[in-house]
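What follows is a short report on a single structure.
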Amino acid sequence: MEKASRIGNTRQLFGLIRETGGRRQIISETISEKNGTIISSQDRRLDRWKEHYEEQFNLPTATLNLPSIQHLPEWDIDTGPPSLTEVTKAVTNLKLGKAAGPDGMTPEVFKYGGDSLLSGLTEVLGSVWESEEVPSGWCKSLIIPIYKKGDKSSCDNHRGISLTNIVSKVLGSIIMRRLSGAREAQTRESQAGFRPGRGCIDHIFTLRQILEHRHSYRRPTVIIFLDLKAAFDSVDREVLWRCLAVKGIPRKYIALIKALYSYSYSQVRAYGELSSELMTTSGVRQGCPLSPFLFNFIIDVLMDLTLSDFSDSGIDLLPGNNLVDLEYADDIVLLGEDADEMQSLLNTLSCNLRMFGMRFAPAKCKMMLQDWTTSTPSLKIGSEVVEHVDRFTYLGSTISQCQRVDL
1 MEKASRIGNT RQLFGLIRET GGRRQIISET ISEKNGTIIS SQDRRLDRWK
51 EHYEEQFNLP TATLNLPSIQ HLPEWDIDTG PPSLTEVTKA VTNLKLGKAA
101 GPDGMTPEVF KYGGDSLLSG LTEVLGSVWE SEEVPSGWCK SLIIPIYKKG
151 DKSSCDNHRG ISLTNIVSKV LGSIIMRRLS GAREAQTRES QAGFRPGRGC
201 IDHIFTLRQI LEHRHSYRRP TVIIFLDLKA AFDSVDREVL WRCLAVKGIP
251 RKYIALIKAL YSYSYSQVRA YGELSSELMT TSGVRQGCPL SPFLFNFIID
301 VLMDLTLSDF SDSGIDLLPG NNLVDLEYAD DIVLLGEDAD EMQSLLNTLS
351 CNLRMFGMRF APAKCKMMLQ DWTTSTPSLK IGSEVVEHVD RFTYLGSTIS
401 QCQRVDL
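Throughout the sequence shown, residue numbering follows full-length UniProt numbering, covering 1 to 407 in sequence.
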């Protein structure tokens, strides 16, 4: 196992774990209603799973309207249909050993299908590109409930893994590859999530250096670790389209992405059977390679709007250069040295989240203080006080007061 882990052979690693630890139960055979009543009927169990994911993927739309935002010019990039070379590259990059989606086809079918299949796929994608319409099957996904922890009979304690059609993944990969170069040049520097050459360790290192430096001068620092509730599942899609336009995404790509969302529906696969279909109207598509990329646009616009009124807030790194925030996808950290200013920032951010259909999970948001000499501030999200902690696990690393970070 150590060797498999060291060389990054995840398939072998998890195979060995299964051999030594026994087979993990994927889904509980006993599922309960919302009121805790155990369900005995197989049909009702499937319906209960469907109801659960209907609630999760059909969250309320944004309750506030976005203000008028200046649009960046459209990017000057290729908007023509994908070439055979692009399709071949996207297929080559498919990961092997993945479960089949609703179409019943695995990545191996495409990777080993030969030149004729690649040529045919290029022609199909070209037609989709020109028409800006995709077959309804490309919008479908299979949801597989996977038990996490806690009460096994509760649907809330299972994570839904979505399997999508391979062809839609190929299309998404091509779109993302076309957009990623221009996008990287305009992404907020504070965002490290889902970017080439960036990772968790970058923000862990940054936060460590900040705390060490400020502690050496005994500068008071307040750090707020924010948690968004079901962030990827709750994004208002109409707001997402606006964010893409604001950032300069060419109309052709917005139309293609919207086509992939035009008829989003799923079925839950459990106990060897499929539930009836359920529509999904909120959030980014699970299992689509584009989704993390798209989500970053939401966070960028959200933080741009929020910080436009807080240009002098945060902590000073260099003269005239303040740092207020760090983001890794939806993991947001706020930094400051004035409690009243931090409360004002929290109020503004909480309000702005409603424009995007998102909200905080206050019980999971935490505050840490370093070199704080006055009384502990009572910062709130809505009516709930943010808990003060001495340690917090940030992106897998435990961060403590006075610069101690355990990797």
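Every residue gets a Cβ at the ideal spot worked out from N, C-alpha and C, and that includes glycine.
Residue i burial status per 10 Å Cβ neighbour count (16 or more: buried)
i	result
Gly101	buried
Asp330	buried
Ser40	exposed
Ile31	buried
Pro67	exposed
Thr187	buried
Phe205	exposed
Asp76	exposed
Leu115	This sequence places Asp at residue 115; Leu is not what is there. Under this definition Asp115 is an exposed residue.
Lys169	buried
Asn9	Note that Asn9 scores 46 on pLDDT, short of 50, meaning its location in the model is unreliable; the coordinates nonetheless yield the value given after this. Per the 10 Å Cβ criterion, exposed.
Thr164	buried
Ser5	Residue confidence is low: Ser5 scores 39 on pLDDT, short of 50, so the model does not pin down where it sits. Its coordinate-derived value is still stated next. So Ser5 ends up on the exposed side.
Asp43	exposed
Pair within 8 angstroms by beta-carbon distance, residue i and residue j
i	j	result
Met368	Val239	no
Pro289	Met176	yes
Pro145	Val222	no
Glu337	Pro220	yes
Cys351	Ile224	no
Pro107	Ile166	yes
Leu334	Asp325	yes
Asp312	Asn322	yes
Ala245	His71	yes
Alpha-carbon to alpha-carbon, residue j and residue i
i	j	result
Thr20	Ala270	The pLDDT assigned to Thr20 is 49, lower than 50, so where the model puts this residue is not dependable, and the model offers no usable value.
Arg23	Lys247	Summary for Arg23: the model assigns pLDDT 49, below 50, so the residue's position carries little reliability; its value from the coordinates is reported in the next sentence. So the alpha carbons of these two residues sit roughly 47 angstroms apart.
Arg218	Ala185	36 angstroms
Gly314	Glu74	32 angstroms
Ser397	Arg391	10 angstroms
Cys200	Glu327	10 angstroms
Ser400	Glu189	24 angstroms
Ser291	Ile161	14 angstroms
Leu96	Phe110	10 angstroms
Lys152	Ser28	6 angstroms
Leu256	Glu132	5 angstroms
Met149	Glu123	In the sequence on display, residue 149 carries Lys and not Met. Looking at the two C-alpha atoms, the distance is approximately 46 angstroms.
Tyr112	Gly120	14 angstroms
Assumed close pair residue i, residue j - CB separation to whole angstroms, cut-off 8 angstroms
i	j	result
Ile332	Leu226	4 angstroms
Leu278	Tyr265	6 angstroms
Lys252	Thr85	19 angstroms between Cβ atoms; not a contact.
residue 408	Leu117	Coverage of the chain is limited to positions 1 through 407, which leaves residue 408 absent and any answer about it impossible.
Asn360	Leu228	The residue you asked about is not Asn; residue 360 is Phe in the sequence shown. Contact holds; Cβ gap of about 6 angstroms.
Leu260	Val134	6 angstroms
Ser276	Lys50	6 angstroms
Ala90	Ile174	5 angstroms
His203	Asp371	His203 to Asp371, Cβ: 21 angstroms. No contact.
> Is there contact here, the stretch 129-141 with the stretch 90-106, by at least three beta-carbon pairs under 8 angstroms?
Replying inline: Counting C-beta pairs closer than 8 angstroms gives three or more between the stretch 129-141 and the stretch 90-106, which meets the contact rule.
> Are the stretch 369-389 and the stretch 332-349 touching by the rule of at least three beta carbon pairs closer than 8 angstroms?
Replying inline: Judged by pairs of C-beta atoms under 8 angstroms, the stretch 369-389 touches the stretch 332-349, as three or more such pairs exist.
>> Under 8 angstroms, with one C-beta from each stretch per pair, do the stretch 203-220 and the stretch 284-304 reach the 3-pair mark?
In response: Between the stretch 203-220 and the stretch 284-304, the count of C-beta pairs closer than 8 angstroms stays below three; the two stretches do not touch.
> Using 8 angstroms as the Cβ pair cut-off and three pairs as the minimum, do the stretch 184-202 and the stretch 112-129 touch?
Replying inline: Cβ pair count under 8 angstroms is below three, so no.
>> Using 8 angstroms as the cut-off, can you tell me whether the stretch 278-290 makes contact with the stretch 47-60, which would need three or more C-beta pairs spanning the two stretches below that distance?
In response: Judged by Cβ distances under 8 angstroms, the stretch 278-290 makes contact with the stretch 47-60, as three or more pairs qualify.
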